[in-house]
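K.L.:
Would you mind keeping the following structure in view while I ask a few things?
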Amino acid sequence: MLELINQLKYDDININSIQDLFSLKLMGNRCSDFNYTYEKLKEIIQDKKIIYTLKQKKPNKIIRMDNKGITVQTEKGEDLITIKHIEDAWNIFIQEGILERNAHEKSTYRSSFMLALFSQLPFVEVNKNPLSLRINTYNIDKKKVD
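Have a look at this one:
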């Protein structure tokens, strides 16, 4: 617990009680569980058929999402983004706590789409400059409103 408290003193959040502290830790654990995250993405994608990239607003039409991954159609054609690629990008995000487009443009497969996809999650915040994502565990069970 001491380790958790030490981690939180550097974050810009306000913890009012031990109960809040444990709730925050539980939510953080849920975020790091890729299966939980993938299920949340499935719920979101059922409602949205097109996800736009964050910088250039290019459309990625969702053709299907299944246990193989997400098939998207762009102006360049159709592409299957495997669950492995999505999980790898998610794990980088969770490990680093932030996912910057410029830092992962070459190392993350379909980085623009990954940022756009993850930005749909209610517990992910988008920062415009530099273009990056950050986890916000206070919003883990909420729905994102566009």
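For the sequence shown, the numbering used here begins at 104 and goes up steadily by one. Heads up, the beta-carbon is just placed ideally off N, CA and C, and yes, glycines get one too. None of these values were measured; they are calculated from a predicted model.
1) Please list, in chain order, all residues of the same chain as ILE173 whose beta carbon is under 6 angstroms from its beta carbon, the five residues on each side excluded.
2) So the alpha helix (DSSP H) LEU157 belongs to, where does it begin and stop?
3) Quick test of your reading: ILE197 and SER135, contact by CB under 8 angstroms. State the CB separation rounded to the nearest angstrom.
4) Measuring CB to CB, does ILE186 end up less than 8 angstroms from GLN176?
5) Do LEU236 and VAL227 have their beta-carbon atoms positioned less than 8 angstroms apart in this structure?
6) For a test of your reading of the model: does the CB of GLN159 fall under 7 angstroms from any non-hydrogen atom of the ligand GDP? Yes or no.
7) Can you tell me whether DSSP reads ASP182 as helix, strand or coil?
8) Buried or exposed: which applies to LYS143, given that a residue is buried once 16 or more other Cβ atoms fall within 10 Å of its Cβ?
9) If contacts are defined as beta-carbon pairs under 8 angstroms, then ARG204 and LYS161 qualify, I think. What distance do you get, rounded to the angstrom?
10) Return the chain-ordered list of same chain residues with a C-beta closer than 7 angstroms to the C-beta of LYS152, the five sequence neighbours on each side being excluded.
11) Between the alpha carbons of ILE201 and ILE195, how many angstroms are there, rounded?
12) Whose CA, out of THR140, ARG213, ASN239, lies closest to the CA of TYR155?
13) Please report the straight-line C-alpha distance between LYS179 and LYS171, rounded to a whole angstrom.
P.N.:
For this structure:
1) ILE184
2) Where LEU157 is concerned, there is no enclosing alpha helix (DSSP H), given that its DSSP letter is neither H nor E.
3) 5 angstroms
4) no
5) yes
6) This structure simply doesn't include the ligand GDP, nor any ligand for that matter.
7) strand
8) buried
9) In fact, because the Cβ distance is near 13 angstroms, the residues do not count as touching under 8 angstroms.
10) LYS164, ILE165
11) 8 angstroms
12) ARG213
13) 21 angstroms
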